[in-house]
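Chemist:
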Amino acid sequence: MVCVFDCSDDPLQMMVLGVFGYRGSYFSNNWNKLDFIINCGEMLDFILENCGIHFQFCQVLSPLRLISRVPSMLDVVTVLLGIVPMLANVLVVYIFVIQIFAVVGVQLWAGQLRNRCFLGEDIPTKYNVSLNPYYMNKYGEKLPFICSPDGKSGMQRCHDVPPYNINGENCSLAAHHYASAVDELVSTVAGASANACVNWNMYYNVCRPGDHNPYMGTISFDNIGYAWITIFQVVSLEGWAEIMFYVIDAHSWWSVLFFVLVTVMGSFIMMNVCAVVIATQFSDNMKQETAEQSVGAVAIAWLYGKLTGWLQGISRKFNRLHNKVHPHGGSSRIDDPVIFQVWRPFMQKLKRTVNSKLFDRLIMFAVFLNIVTIAIEHHDQPKKLTDMLQISNIVFTIIFVVELVLKLLALAWTYFRDWNNSFDFVIVIISLWEIISNADGRLSVLRAFRLLRFVRLLHFLPYLKRQLLVLKRTMKEASTLCMLLLFVIFIFSVMGMHLFGGKYYYETQHGEVIVERKNFDTLLWAMVTVFQILTQENWNLVMYNAMATTSEWGCIYFVVVIILGKHVLLNILVGIVVQSFQARHFSGMDQDSSRPSCESTSSTPEILIPENPAQTDNDDRNGPSGPNRGLSLSACWPSRFNAINAAPGEDSAPTDTNGDNRCLNLIQKTVSWCKEHEEWSFYVFSPQNRFRICCQRLISHKMFDYMVLVFILLSCITIAVERPEINLKSTERWILNTAGYVFSAVFFVEMLFKVIALGLLFGKESYCRSAWNAVDGFLVILSLVDILISLASTSGKHVLGVLKVLRLLRAMRPLRVIKRAPKLKLAVEALLASVKPIGHIVLICCTFLFFYAILGVQLFKGKFFYCVGQDTRNITNKTECLSANYRWERKVYNFDSLPQALQSLFVMYSKDGWVNIMYDGLDAVGVDEQVFLLAMCLIYTVL
1 MVCVFDCSDD PLQMMVLGVF GYRGSYFSNN WNKLDFIINC GEMLDFILEN
51 CGIHFQFCQV LSPLRLISRV PSMLDVVTVL LGIVPMLANV LVVYIFVIQI
101 FAVVGVQLWA GQLRNRCFLG EDIPTKYNVS LNPYYMNKYG EKLPFICSPD
151 GKSGMQRCHD VPPYNINGEN CSLAAHHYAS AVDELVSTVA GASANACVNW
201 NMYYNVCRPG DHNPYMGTIS FDNIGYAWIT IFQVVSLEGW AEIMFYVIDA
251 HSWWSVLFFV LVTVMGSFIM MNVCAVVIAT QFSDNMKQET AEQSVGAVAI
301 AWLYGKLTGW LQGISRKFNR LHNKVHPHGG SSRIDDPVIF QVWRPFMQKL
351 KRTVNSKLFD RLIMFAVFLN IVTIAIEHHD QPKKLTDMLQ ISNIVFTIIF
401 VVELVLKLLA LAWTYFRDWN NSFDFVIVII SLWEIISNAD GRLSVLRAFR
451 LLRFVRLLHF LPYLKRQLLV LKRTMKEAST LCMLLLFVIF IFSVMGMHLF
501 GGKYYYETQH GEVIVERKNF DTLLWAMVTV FQILTQENWN LVMYNAMATT
551 SEWGCIYFVV VIILGKHVLL NILVGIVVQS FQARHFSGMD QDSSRPSCES
601 TSSTPEILIP ENPAQTDNDD RNGPSGPNRG LSLSACWPSR FNAINAAPGE
651 DSAPTDTNGD NRCLNLIQKT VSWCKEHEEW SFYVFSPQNR FRICCQRLIS
701 HKMFDYMVLV FILLSCITIA VERPEINLKS TERWILNTAG YVFSAVFFVE
751 MLFKVIALGL LFGKESYCRS AWNAVDGFLV ILSLVDILIS LASTSGKHVL
801 GVLKVLRLLR AMRPLRVIKR APKLKLAVEA LLASVKPIGH IVLICCTFLF
851 FYAILGVQLF KGKFFYCVGQ DTRNITNKTE CLSANYRWER KVYNFDSLPQ
901 ALQSLFVMYS KDGWVNIMYD GLDAVGVDEQ VFLLAMCLIY TVL
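Here it is, written out as structure tokens:
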């Protein structure tokens, strides 16, 4: 029926618009061409289905026709199509890089991931036992034991095969002790111990290629196709470590260099280049599209302005006519009842009260206390705490109800003009409904959203407020792209249902058929699985199952999903965010530059006008008073200084004036001498001192920096060689200690030369005025302290041995290289400059994390427990589990309290392991109840 309706739409549009030949015809629009192709494909699918051929590919693409019906989505897709040429160039380079590494992988490791440890002799026939032809652990081919033959230098050999295990006991006997083919578990040796069974695994001693590759044959370098998809997994940084370990076990430890190079080139460089190019090109095309749309918007704005002016003119004429008919507004205050004359002043006072800062701050304090009471709620809390929280909930609800009533009386219907007030109104109603109906408390988590009222305090943090406004504007701009991303997820979900629906299942040892949780059987689970692929969390496992159950060509689906969804759409979303923050940053700079510069700040001193003009004349006649010196004297000796400046006729206690004057003169001379010799290094070496000039020439020479850099690198090497198992009396330990003393002495001499040449504190170019020199000096001092503590601890003073923890700070020595690498120094300075804005973003993220943590505690506290035993299929709760002598355990990541919820959410925000937490939440039934399959995955998708 739908196919008939869709196919009848095209002829009608052709009749109305015309087929082709002029602008405005049906085929002059590219989207109409797409509709026509999809309709023809659907008709072909219908015909083939009647012939017994189920293709249905065009039915999957039929939702694409929705794009042309949504204008905002159509604009975004049009801009996306504009970046296709640039995107094609980037993808060509991307594919070229993967192709190079895939060819190298085929040349180096073709067939080596098939290496298995086979039996060296015919053990099954000789002893009449049933054994696998090659060693296989309990995980089978999902985590195989890959060995290295004798001609290779792999990290894993057949003699590393673990011993045969029976009921948790490792076997140790040889095969000739095996006496009976009936009893395979007991040895005939007299006085046998508990592990006196035959270790059959010791006979898996021949390493040669087998028939299978890891993960059901999906990971290999046997041909260019498998090598290409393997390198693509490494670039995606999902499962690349397992692949590297397989290659290291089969070939050589030096294979790690290949994977490090692939990761750096493919993931860190190419992916970021792809993101920058896509985001930049999309931004440029979006600006052009906006400029074209603004041309038509000008005409609409002009018409809107004319219409608004005309309506305002009519309104003004009507008001003048009304004032002529009713000069006093149609009523008189004298005729008002007495109650209204009393009510108006009361309402004015009430309005001033609710709009006052004191009232607002009291409500903010109540909101904060309410959030604290919600946050301390946890699983297995004492009954007194539960009663206290219930009482506090009622008290805070009454406070918020009183606030609501006062604001309604003061503001009337204008109360609902503010969205925040409407939000508070809804929360108060929900809280009242919860208390009156004795709800289970799940909706009480909505009270936590009253914390959003703290945005009123953002005027104390203007930069954070600006970040929130930018984030709000960014969400508006990215809403269409998010809708397009959801649309793409829907299309790929439907496509996955047609390709892999009903095929993700496996059979257990007991004959049970278990459906894999990551499947495409229904639209809901298909969309969850596609979303999981976009986050790249265990997407390779989903692809392995698809390739094992269908064919090797199933990997193309997952590659397309990641490239289009992750590398294109999500990178464009990142570009929109970056562009919004950059635009706001530049507009903020323009606003700052437009402000007048005559304000009094810390960098612009105020002009001080003396109250007594005569005082200024006296000061001028007495000569320069030395403001710095006077400030130092008054700060050091305030009482003495004031006593000397006192008038002779004033009453004062008898003092030793001569002694005070001598002491003050000495201090004045010392201060003035230090002031005059500020440019002297250590107040000893003058700027014209020959030794100081030689030190300046030495530290400015390039060879000096090169030599220091060599010693820094050698010091880093000695730190890297350090190991806990080095014997304290060995030669290696003596060499490392001596090298540490030598390097510390060299770095101390370097610092001494620089301090003599530049000065320590005073002077424009003194040693401590450079932050990098301060870091160098700090590390040198730590090295000297470490040497002194080591000598003191070895001499028998074990109390100072606790301070050996300072040796950990020796790992900071490589930081000295940053100063000597200009580009690296520039990158570090840029990183340090970005700490402040990043801090505000981290604060926003922590706020959202806090909200979701409270939500998780309210929904899932006490529900992440499960029963551990041999057969738990009939266990439904904790009581049945404990009565069956099983263990009632809690998941590692849970929501039983706020700290545990924050930990679980942090794991989910890292996008690594969030799927397992989602499955735990799906299976959660209730407090002290056994887990069961449910459908609550939408909560975790939002998180």
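Residue numbers for the sequence shown follow the UniProt record's numbering, so the first one is 1 and each next one is one higher. All residues carry an ideal CB built from backbone N, CA and C; glycine is no exception.
1. Between the Cα of N213 and the Cα atoms of D360, E403, I166 and F145, which residue gives the shortest distance?
2. Could you tell me the alpha carbon to alpha carbon distance between D387 and D912, rounded to whole angstroms?
3. Any idea if E121 is buried or exposed, counting beta-carbon neighbours within 10 angstroms, 16 or more meaning buried?
4. Kindly provide the ranges of any beta strand (DSSP E) runs that are 3 or more residues long and lie completely inside the stretch 843-890, ordered along the chain.
5. According to DSSP, is E169 helix, strand or coil?
6. Using a 10 Å radius around the Cβ and a threshold of 16 neighbouring Cβ atoms, would you call R813 buried or exposed?
7. Please return the same chain residues whose Cβ sits closer than 6 Å to the Cβ of T549, not counting the five positions on each side in sequence.
8. Bridge partners for F232 per DSSP, in chain order?
9. Could you tell me if L534 is buried or exposed, where buried requires 16 or more neighbouring beta carbons within 10 angstroms of its beta carbon?
10. Is there contact here, the stretch 483-494 with the stretch 565-575, by at least three beta-carbon pairs under 8 Å?
11. Exposed or buried, residue 1002, counting other C-beta atoms within 10 Å across all chains shown (16 or more means buried)?
12. Could you tell me if T616 is buried or exposed, where buried requires 16 or more neighbouring beta carbons within 10 angstroms of its beta carbon?
13. On the DSSP bridge assignment, give the partners of L44 in chain order.
14. How about V931 and Y866: are their beta carbons less than 7 Å apart?
15. Tell me the DSSP bridge mates of C117?
16. For K825, which residues in the same chain have their Cβ closer than 7 Å to its Cβ, ignoring the five residues on either side in sequence?
17. Measuring alpha carbon to alpha carbon, tell me which of V892, G839 and M908 ends up nearest Y852.
18. In chain order, what residues of the same chain have a beta carbon less than 7 Å from the beta carbon of D920, not counting five sequence neighbours either side?
19. Using 8 Å for Cβ pairs, my map puts F221 next to V106. What's the rounded Cβ distance?
20. How would you label G740, buried or exposed, when you count the other beta carbons within 10 angstroms and need 16 or more for buried?
21. Looking at C-beta atoms only, is the number of pairs between the stretch 867-883 and the stretch 348-366 that lie closer than 8 Å three or more?
22. Should A901 go down as buried or exposed, given a rule of 16 or more other Cβ atoms within 10 Å for buried?
23. Between the alpha carbons of N737 and G154, how many angstroms are there, rounded?
24. Do the CB positions of Y164 and N132 come within less than 7 Å of each other?
25. Determine the DSSP secondary structure at Y135, reduced to helix, strand or coil.
26. Could you give the C-beta distance for V780 and Y767, rounded to a whole number, given that I count them as a contact under 8 Å?
27. Three-state secondary structure (DSSP) at residue 960?
28. Can you grab the Cα-Cα spacing for the pair A526 / I717, in whole Å?
29. At the level of alpha carbons, what is the spacing between V103 and V262?
30. Could you name the residues of the same chain whose beta carbon sits closer than 7 Å to that of N545, not counting the 5 residues immediately before and after it, in chain order?
31. Are the beta-carbon atoms of L404 and V367 separated by less than 7 Å?
32. Measuring straight from C-alpha to C-alpha, what distance separates L81 and W539?
33. CA-CA distance, V235 and Q99?
34. With I576 and A720 assumed to form a contact (beta carbons below 8 Å), what rounded beta-carbon distance in angstroms separates them?
35. Just reading off the alpha helix (DSSP H) that V515 is part of, what are its end residues?
36. From L709, I398, L408 and F245, pick the residue whose C-alpha is nearest to that of L815; which is it?
Modeler: The short version:
1. If you number the sequence shown from 1, residue 213 lands on position 213. The candidate whose alpha carbon is nearest that of N213 is F145.
2. Residue 387 sits at position 387 when you count from the first residue of the sequence shown. Residue 912 sits at position 912 when you count from the first residue of the sequence shown. About 39 Å.
3. Start at 1 with the first residue of the sequence shown, and residue 121 comes out as number 121. Per the 10 Å Cβ criterion, exposed.
4. 865-868 and 887-890, all fully within the stretch 843-890.
5. Here residue 169 is taken as the residue at index 169 of the sequence shown, counted from 1. E169 falls in the strand class under three-state DSSP.
6. Residue numbering aside, residue 813 sits at position 813 when the sequence shown is read from its first letter. The residue in question, R813, is buried, as its Cβ has 16 or more Cβ neighbours within 10 Å.
7. Numbered from 1 along the sequence shown, position 549 holds the residue referred to as residue 549. If we look at T549 and ignore the five residues flanking it on each side, its Cβ neighbours are K503.
8. Taking the first residue of the sequence shown as 1, we reach residue 232 at position 232. Its beta-bridge partners do not exist; DSSP assigns none.
9. By 1-based counting over the sequence shown, the position of residue 534 is 534. Buried is the call here.
10. Enough Cβ pairs lie closer than 8 Å, so yes.
11. Outside the shown range of the chain, which is 1 to 943, sits residue 1002, and nothing can be said about it.
12. Along the sequence shown, read from residue 1 onward, the residue named residue 616 stands at position 616. Legend: pLDDT at T616 = 38, less than 50; position of this residue unreliable, value from coordinates given subsequently. T616 should be labelled exposed.
13. Here residue 44 refers to the residue found at position 44 of the sequence shown. L44 pairs with nothing; no bridge assigned.
14. For the purposes of this step, residue 931 is identified with residue 931 of the sequence shown, where counting begins at 1. For the purposes of this step, residue 866 is identified with residue 866 of the sequence shown, where counting begins at 1. Cβ atoms of V931 and Y866: closer than 7 Å.
15. The sequence position of residue 117 within the sequence shown is 117, counting from 1. DSSP output for C117 lists C207 as bridge partner(s).
16. Residue 825 sits at position 825 when you count from the first residue of the sequence shown. For K825, where only same-chain residues beyond five positions count, the Cβ hits under 7 Å are I818 and K819.
17. By one-based count along the sequence shown, residue 852 stands at place 852. The residue among V892, G839 and M908 with its C-alpha nearest the C-alpha of Y852 is M908.
18. In the sequence shown, counting from the first residue as 1, residue 920 sits at position 920. By the criterion of a C-beta distance shorter than 7 Å, D920 is surrounded in its chain by F864 and K891, once the five residues flanking it on both sides are discounted.
19. Taking the sequence shown and counting its residues from 1, one reaches residue 221 at position 221. Taking the sequence shown and counting its residues from 1, one reaches residue 106 at position 106. 5 Å between Cβ atoms; contact.
20. Within the sequence shown, the letter at position 740 stands for residue 740. Buried, since its Cβ has 16 or more Cβ neighbours within 10 Å.
21. Here the stretch 867-883 does not lie against the stretch 348-366, with fewer than 3 beta-carbon pairs under 8 Å apart.
22. Start at 1 with the first residue of the sequence shown, and residue 901 comes out as number 901. It is buried - the Cβ of A901 has at least 16 other Cβ atoms within 10 Å.
23. Counted from its first residue, the sequence shown places residue 737 at position 737. Counted from its first residue, the sequence shown places residue 154 at position 154. About 35 Å.
24. Stepping through the sequence shown from its first residue, residue 164 is reached at position 164. Stepping through the sequence shown from its first residue, residue 132 is reached at position 132. No, these two residues do not count as a Cβ contact at 7 Å.
25. Numbered from its first residue, the sequence shown carries residue 135 at position 135. Of the three classes helix, strand and coil, the one that applies to Y135 here is coil, per DSSP.
26. If you number the sequence shown from 1, residue 780 lands on position 780. If you number the sequence shown from 1, residue 767 lands on position 767. The C-beta distance from V780 to Y767 rounds to 11 Å, too long to fall under 8 Å, and the pair is not in contact.
27. Residue 960 lies beyond the range of the chain shown here (1 to 943); nothing can be said about it.
28. Within the sequence shown, the letter at position 526 stands for residue 526. Within the sequence shown, the letter at position 717 stands for residue 717. Their backbone Cα atoms lie some 52 Å apart in a straight line.
29. The residue you call residue 103 lines up with position 103 of the sequence shown. The residue you call residue 262 lines up with position 262 of the sequence shown. The straight-line gap from Cα to Cα measures roughly 13 Å.
30. Locating residue 545 in the sequence shown gives position 545, where the first residue counts as 1. Cβ neighbours of N545 beyond the five flanking positions: Y504 and E516.
31. For the purposes of this step, residue 404 is identified with residue 404 of the sequence shown, where counting begins at 1. For the purposes of this step, residue 367 is identified with residue 367 of the sequence shown, where counting begins at 1. No Cβ-Cβ contact shorter than 7 Å links L404 with V367.
32. Within the sequence shown, residue 81 is the residue found at index 81, counting from 1. Within the sequence shown, residue 539 is the residue found at index 539, counting from 1. For the pair L81 and W539, the Cα-to-Cα distance works out to about 27 Å.
33. On the sequence shown, residue 235 is found 235 positions in, with the first residue counted as 1. On the sequence shown, residue 99 is found 99 positions in, with the first residue counted as 1. If I take the Cα positions, the gap works out to 12 Å.
34. Here residue 576 is taken as the residue at index 576 of the sequence shown, counted from 1. Here residue 720 is taken as the residue at index 720 of the sequence shown, counted from 1. That belief does not hold up - the Cβ atoms of I576 and A720 are roughly 43 Å apart, past 8 Å.
35. Numbered from its first residue, the sequence shown carries residue 515 at position 515. Element bounds for V515: not the alpha helix (DSSP H) but the beta strand (DSSP E), V513 to V515.
36. Within the sequence shown, numbered from 1, the residue matching residue 815 stands at position 815. Checked all of L709, I398, L408 and F245; the closest Cα to L815 is L709.
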